[in-house]
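Peer 1: My questions will all concern the structure given below.
Protein chains: 2
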Amino acid sequence: MSKHLQFSKAMRAWMDMFMHRSMHGMTKFVKSTGLSMPQFSILMQLRHKETCGISDISERFDISNAAASQLAEKLVQSGHIERAEDPNDRRAKILRLTQQGRDLIDAGFNERVSWLNDLEATLSAEKKLKVVAALNILAEAAKSLEEKE
Amino acid sequence: MSKHLQFSKAMRAWMDMFMHRSMHGMTKFVKSTGLSMPQFSILMQLRHKETCGISDISERFDISNAAASQLAEKLVQSGHIERAEDPNDRRAKILRLTQQGRDLIDAGFNERVSWLNDLEATLSAEKKLKVVAALNILAEAAKSLEEKE
DNA sequence: GCATAAATTTAAGCCCGCTTAACTAAAAAG
DNA sequence: CTTTTTAGTTAAGCGGGCTTAAATTTATGC
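Just so you know, the sequences run in chain order A and B.
Heads up: the first sequence is residues 314 to 462, going by the working numbering.
Heads up: the second sequence is residues 314 to 462, going by the working numbering.
In structure tokens:
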């Protein structure tokens, strides 16, 4: 088997597992927060990117600026994000998680990955080290990929 | 930093990246299919479970039986699933992917992992081997976890 | 057998996300 | 300085998902 196939196969198997485990409780958690999926997705993006503008949202989720603006408005109202004027371009807005928003999204993240603790417990110290090293390689590669875009 | 913290931190960083990327591809793909997210989620579940009933859907996604029934009806109409009577319990229905539904859901999976090819391209052969080894360790651990449950 | 429970469907109605269109305001282009 | 482009907001309206309530059909308990 070629290196590419090895990589692809291992990655897909892992991804399948991850999706199966993590997506399961996701909709339930989102529902329990009272937020809609689109609203939750915006919080997720802000958790990842720290800040973004209205157009970043519409671009990412492939919706109109109007829709993005409306969703952001609701999240501002509910206290999950703050919306400030961009000092460099007064047309633009800078969205950012509030502490409340961050706490909520962290709780969701924790819930989704809690099964990883059980998984870790089954690993020897040696295996754990190998996994950590590989994960760091992957995270770094993904980061460099992001910088290219 | 303890081994547990190392593991937890590395895993979370990677998961964050992973979620961010995969969700992105997913929403775009779902939109392009003309299906709604709930509809697509049902197809995803059927991809894993092969068959299920209406109540399985309502339970899994935490919606009413009525909602599950309506969603299923739309998927039957669009030709993505088939709905047959359960011979063992004529009240119940057995839902199953049609070939069309299966093709679509497989295409979605491929699209969701397409960015992994770009990621792989940035890795040296040596790093690739380390990653493959680690992924196999994780997959095996996840499997043993599953057997415990 | 009869009453009760379970699996699903249908209908009415609410809510929300999304779109288009019209508008404001600010930056960029010429 | 005027025109055009860009960023975002607002309003009206559509469509879809979800809920409750009521109905149907089949299984189960006594």
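Just so you know, even glycine gets a beta-carbon here, dropped at the ideal spot from N, CA and C.
Is the distance from the Cβ of I418 of chain B to the Cβ of L408 of chain B below 7 angstroms?
Peer 2: No. Outside cutoff.
Peer 1: Is H393 of chain B close to chain A, meaning its C-beta is less than 7 angstroms from at least one C-beta of that chain?
Peer 2: Closer than 7 angstroms: no.
Peer 1: Please check the pair R396 of chain B and K387 of chain B, which I expect to be a contact at CB under 8 angstroms, by giving their CB distance rounded to whole angstroms.
Peer 2: That belief does not hold up - the Cβ atoms of R396 of chain B and K387 of chain B are roughly 11 angstroms apart, past 8 angstroms.
Peer 1: Could you name the residues of the same chain whose beta carbon sits closer than 7 angstroms to that of S335 of chain B, not counting the 5 residues immediately before and after it, in chain order?
Peer 2: Only R425 meet the Cβ criterion.
Peer 1: With burial defined as no fewer than 16 other Cβ atoms inside 10 Å of the residue's Cβ, what is the status of A379 of chain B: buried or exposed?
Peer 2: With fewer than 16 other Cβ atoms within 10 Å, it is exposed.
Peer 1: Going by the CB atoms, is the gap between W428 of chain B and A452 of chain A shorter than 7 angstroms?
Peer 2: No, the pair does not count as a contact, with Cβ atoms beyond the cut-off.
Peer 1: Which of helix, strand or coil does DSSP assign to E363 of chain A?
Peer 2: DSSP places E363 of chain A in coil when its eight states are reduced to three.
Peer 1: Give me the residue from B:I370, B:T411, B:C365 with the minimum Cα distance to D399 of chain B.
Peer 2: If we check each option's Cα against that of D399 of chain B, B:C365 comes out closest.
Peer 1: Exposed or buried, G392 of chain B, counting other C-beta atoms within 10 Å across all chains shown (16 or more means buried)?
Peer 2: G392 of chain B should be labelled exposed.
Peer 1: Buried or exposed for L318 of chain B, going by 16 or more other Cβ atoms inside 10 Å?
Peer 2: Exposed, since its Cβ has fewer than 16 Cβ neighbours within 10 Å.
Peer 1: If you run the structure through DSSP and keep just helix, strand and coil, what is D375 of chain B?
Peer 2: Residue state, collapsed to three classes: coil.
Peer 1: Would you list, in chain order, the members of the region 433-452 of chain B that have their beta-carbon closer than 8 angstroms to a beta-carbon of chain A?
Peer 2: Under the 8 angstroms Cβ criterion, the region 433-452 of chain B contributes E433, T435, L436, A438, K440, K441, L442, K443, V444, V445, A446, A447, L448, N449, I450, L451, A452.
Peer 1: Hey, is V343 of chain B's beta-carbon within less than 7 angstroms of any beta-carbon in chain A?
Peer 2: Not an interface residue.
Peer 1: If I measure Cβ to Cβ from A381 of chain A and keep anything under 6 angstroms in the same chain, skipping five residues before and after, which residues do I get?
Peer 2: Once the five neighbours on either side are set aside, the close Cβ partners of A381 of chain A are I367, I370, S371.
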